[in-house]
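Visitor: I have a structure I would like to understand better, so I am pasting it below and will then ask my questions one at a time.
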Amino acid sequence: MCIPFIAAGCASNASKPEAQPVISGSLIAPTPATALPAGYYVAAPGDTLASIANAYGRSVTELASWNAIPADGALSVGQRLRVGPPAASSSRPTQSEAVQPALGKQAADRFPWPATGPLIAAFGASGSKGITVGGATGESIKSVRNGRVVYVGSKIEGYGNLVVVKHDEHLITAYGNVHRALVRAGASVKQGQAIAEMGAQADGKPSFLFEVRIDRSPVDPLGYLSARNPQ
1 MCIPFIAAGC ASNASKPEAQ PVISGSLIAP TPATALPAGY YVAAPGDTLA SIANAYGRSV
61 TELASWNAIP ADGALSVGQR LRVGPPAASS SRPTQSEAVQ PALGKQAADR FPWPATGPLI
121 AAFGASGSKG ITVGGATGES IKSVRNGRVV YVGSKIEGYG NLVVVKHDEH LITAYGNVHR
181 ALVRAGASVK QGQAIAEMGA QADGKPSFLF EVRIDRSPVD PLGYLSARNP Q
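Quick note on numbering: UniProt numbering labels position 39 of the sequence shown as 39, and the sequence is numbered without any gaps.
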């Protein structure tokens, strides 16, 4: 079975009778954009600026400033909000952008977070195709949906120890730079099941890379994760 996903190369596991997926970046064709821009979140029913700030490790003051809205103002369902610091050349979302419907998952269908820590780096930061999530050394990293593990290994440059889970014909999630995988390729996993452990990175801080891919193309996970990072 071949599943194109992340970077050039082919990984195999001699202990498994089943061939491992081919990881081929050349087969990742661009698709029409269906995700939020990097560093944005779309408000769901019941969201407040405070709850979103708490979910993404930001302050209410920061979110209010980045989005040019009152710190105590009400949010509209579908309102697009910047949750990561804008680059020097970036501008705040326009009013027309702010009222567009969610381009990711609807609120009821959003994924739980794979770990309890804060958002450390947004989608697109330094060219990243995912987000970096913090936490504690040894903390469990959990699958965000039921699925089947299609890759476990460390042969993909830039991803360290990597676990890839296929959830359906369109959706794949990846958990990179983990300290230790807790599952093997071919295993079926449930939503919320621990699939890896978090470890310290080169900067000494525990974190990992989380990617969401739709039809092979990376999308901003913030458009698919729930607003509140569970404790």
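Quick reminder that beta carbons are idealized off the backbone N, C-alpha and C, glycines included.
Quick check: the Cα distance between Ile72 and Ala64, rounded to an integer number of angstroms?
Guide: Note on identity: in this sequence residue 72 is Asp, with Ile being the wrong assignment. Each residue's alpha carbon lies about 9 angstroms from the other.
Visitor: How many whole angstroms separate the CB atoms of Gly135 and Pro221, which I take to be in contact at a CB cut-off of 8 angstroms?
Guide: No, Gly135 and Pro221 are not in contact; Cβ-Cβ is about 15 angstroms, not under 8 angstroms.
Visitor: Since Gln193 and Ser226 should fall inside the 8 angstroms C-beta cutoff, what is the C-beta to C-beta distance between them, to a whole number of angstroms?
Guide: Not a contact, Cβ separation roughly 17 angstroms.
Visitor: Does Gln191 pass the burial test, meaning 16 or more other C-beta atoms within 10 Å, or should it be called exposed?
Guide: So Gln191 ends up on the exposed side.
Visitor: Which full runs of the beta strand (DSSP E) of 3+ residues lie inside the region 166-191, going along the chain?
Guide: Whole beta strand (DSSP E) segments, 3+ residues: 171-178.
Visitor: When burial is assigned at 16 or more other CB atoms within 10 Å of the CB, is Arg180 buried or exposed?
Guide: By the 10 Å Cβ count, Arg180 comes out exposed.
Visitor: For the alpha helix (DSSP H) containing Ile69, list its first residue and its last residue.
Guide: Segment: none, Ile69 is in no alpha helix (DSSP H) and carries neither H nor E.
Visitor: Assuming Ile52 and Tyr40 make a contact with CB atoms under 8 angstroms, what is their CB distance in whole Å?
Guide: With 8 angstroms as the limit, Ile52 and Tyr40 do not qualify as a contact, their Cβ atoms being about 11 angstroms apart.
Visitor: Near His167, which residues of its chain fall below 6 angstroms by C-beta distance, leaving aside the five closest residues on each side in sequence?
Guide: Result list for His167: Arg145, Gly147, in chain order.
Visitor: Using a Cβ-Cβ cut-off of 6 angstroms (strictly less than) and excluding sequence neighbours within five positions of Asp47, which residues of its own chain qualify?
Guide: Excluding positions up to five away in sequence, the list reads Leu75, Ala227.
Visitor: Considering only residues of the same chain and omitting the five flanking positions on each side of Pro58, which have a CB-CB separation below 7 angstroms?
Guide: The sequence as given places Arg at residue 58; Pro does not occur at that position. Correct list, in chain order: Val83.
Visitor: Provide the residue span of the alpha helix (DSSP H) that contains Ser154, from first to last.
Guide: Neither: Ser154 is in no alpha helix (DSSP H) and is coded neither H nor E.
Visitor: What residues in its chain sit with their C-beta under 6 angstroms from that of Ala174, if we drop five residues either side in the sequence?
Guide: Cβ within range, chain order: Val164, Glu211.
Visitor: Rounded to whole angstroms, what's the CA-CA distance from Leu162 to Arg184? Just pull it up for me.
Guide: Spanning the two alpha carbons is a distance of roughly 11 angstroms.
Visitor: Per DSSP, what kind of secondary structure is Ser126 in: helix, strand or coil?
Guide: Helix, per DSSP.
Visitor: Got a sec? Which residues, its chain only, sit under 6 angstroms from Ser140 by beta carbon, not counting five neighbours each side?
Guide: Same-chain partners within the cutoff: Ala194.
Visitor: Assign Ser217 to one of three DSSP states: helix, strand, or coil.
Guide: Ser217 falls in the strand class under three-state DSSP.
Visitor: Starting from the Cα of Ala115, find the closest Cα among Asp215, Phe208, Val219 and give me that residue.
Guide: Cα-wise, what sits closest to Ala115 is Phe208.
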